[in-house]
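Below is one structure, written out as structure tokens, with a few remarks after it.
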Amino acid sequence: MRTHPTQPAGPCAVTELQAGGLVALPRDLLSKVFTALAGRNGVVLLGLAGISQTFRDCALEVLRCLEELDLQPASLQYWRPPKSFAYCHYFTERLPRERLAKAVLKRCQQLRVLDLRGAHAYTSDDTLALICSQAQRLESLLLGGCQAVTPDGLAHLTAPSCPVLEDLALNGCVNVGDASSLAALPALKRLDLAWCRDVTSSSMALLLPRLEHAVFHGCEVVTDELLEHATSVKLLDCAFTAVGDAGLHSLVQVASNLQKLILGAPTDNLWMSGNWTPLGLEAFKKQLPDVHVQLVFA
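In the working numbering, the protein residues as written are 8 to 305.
Set out below in structure tokens:
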């Protein structure tokens, strides 16, 4: 019975002949096959690149053109390829996750959407520096739970390298400081800073007027003063902040685009629910009856 070696010899132990009939396909069709196999998972393309020189050239070209990339932890799990691709998981099986993520990112030149939610083990300020070195087209960056990101990492984001970034999620990134540097992102419209407890009203005052979606959930020192700047916001999450009746009154005065407001429920919560009162909320609802108010628990 024929057995495979435990480790490929050289960059590829599977010949082009063993790769099925795919190698004979026209280049444009092979690219479509690789794109379909990978979806948003660039790690799959790294694996395919290990099969043959033809596959490598095609896989790396597809990776360079990839517009959406998912590098959440689940996407870096052991990938089980079709039987005919016995070794296309060679890279994914042996490289640490941080090296895998960086190997993919440094080849992506056309990214518009990058999802690193939960990737705290391999996302750091250095990772953001790598992303921003080629992120001219990046529109959405999801970093939820990446606790190794610091103000130094945000400084990379706010350099001229991210001119069209519209959507930034830093929820649970508890070490980013007050995030005031984000005001330098010219296109930012949606920002999630949930549980970033060093965020303050003053640090967000310059940025909030441009935001359509603003999440300050759990930013405990955010106060009424911030809501004076909520002139463009459509969705505002102030649950578990220090916002009170004065803040709700400010929204009535300035937030003509507001569609949804999220507050902490006043009872049965483990966290402070805010300084607003039932009377203050009732007055808000009366003056802005079309705004959906959601009370949440934590």
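Positions of the beta carbon are idealized from the N, C-alpha and C atoms, including for glycine.
- The beta carbons of Cys139 and Leu177 sit no closer together than 8 angstroms.
- Ranking Ser147, Glu105, Ala166, Leu192 by CA distance to the CA of Arg119 puts Ser147 first.
- Here the C-alpha atom of His163 lies approximately 9 angstroms from the C-alpha atom of Leu137.
- Counting only residues of its own chain and dropping the five nearest sequence neighbours on each side, Ser257 has a CB closer than 6 angstroms to the CB of Leu234, Glu235.
- By the Cβ test, the region 148-161 is not in contact with the region 104-112, since fewer than three Cβ pairs between them sit closer than 8 angstroms.
- If you look at Ser147, you'll find it in the beta strand (DSSP E) that goes 147-149.
- The C-alpha of Phe223 lies about 15 angstroms from the C-alpha of Leu195.
- For Arg106, the enclosing alpha helix (DSSP H) begins and ends at 104-112.
- Going by C-alpha positions, Gln117 is about 10 angstroms away from Leu76.
- Comparing alpha carbon positions, the residue from Ala249, Gln260, Asp231 closest to Thr238 is Gln260.
- The alpha-carbon of Gly251 is positioned some 7 angstroms away from that of Thr230.
- Taking C-beta atoms as the reference points, Leu255 and Gly287 count as a pair closer than 8 angstroms.
- By alpha-carbon distance to Glu74, the top candidate from Ala81, Cys65, Ser187, Leu112 is Leu112.
- Per DSSP, the unbroken alpha helix (DSSP H) holding His256 starts and ends at 252-261.
- Within the DSSP bridge table, the entry for Ile269 names Asp244, Gln301 as partners.
- Only residues of its own chain outside the window of five on either side were considered, and among them Ala155 have a CB closer than 6 angstroms to the CB of Ser131, listed in chain order.
- Per the DSSP secondary-structure output, Arg119 pairs with nothing in a beta bridge.
- With fewer than 16 other Cβ atoms from the protein chains shown falling within 10 Å of its own Cβ, Phe304 counts as exposed.
- DSSP places Glu75 in the uninterrupted beta strand (DSSP E) bounded by 75-77.
- The Cβ atoms of Ala249 and Asn282 sit closer than 8 angstroms to each other.
- DSSP, read as helix, strand or coil, puts Val51 in helix.
- Contact between Leu70 and Arg114 holds: their C-beta atoms lie close to 5 angstroms from each other, under 8 angstroms.
- Gly160 counts as buried, since no fewer than 16 other beta carbons sit within 10 angstroms of its beta carbon.
- Closest by C-alpha distance to Lys292, out of His127, Lys267, His220, Gly271, is Lys267.
- Unbroken beta strand (DSSP E) runs of no fewer than 3 residues, entirely contained in the region 198-228, are found at 220-222, following chain order.
- A straight line joining the alpha-carbon of Cys65 with that of Gln141 spans about 21 angstroms.
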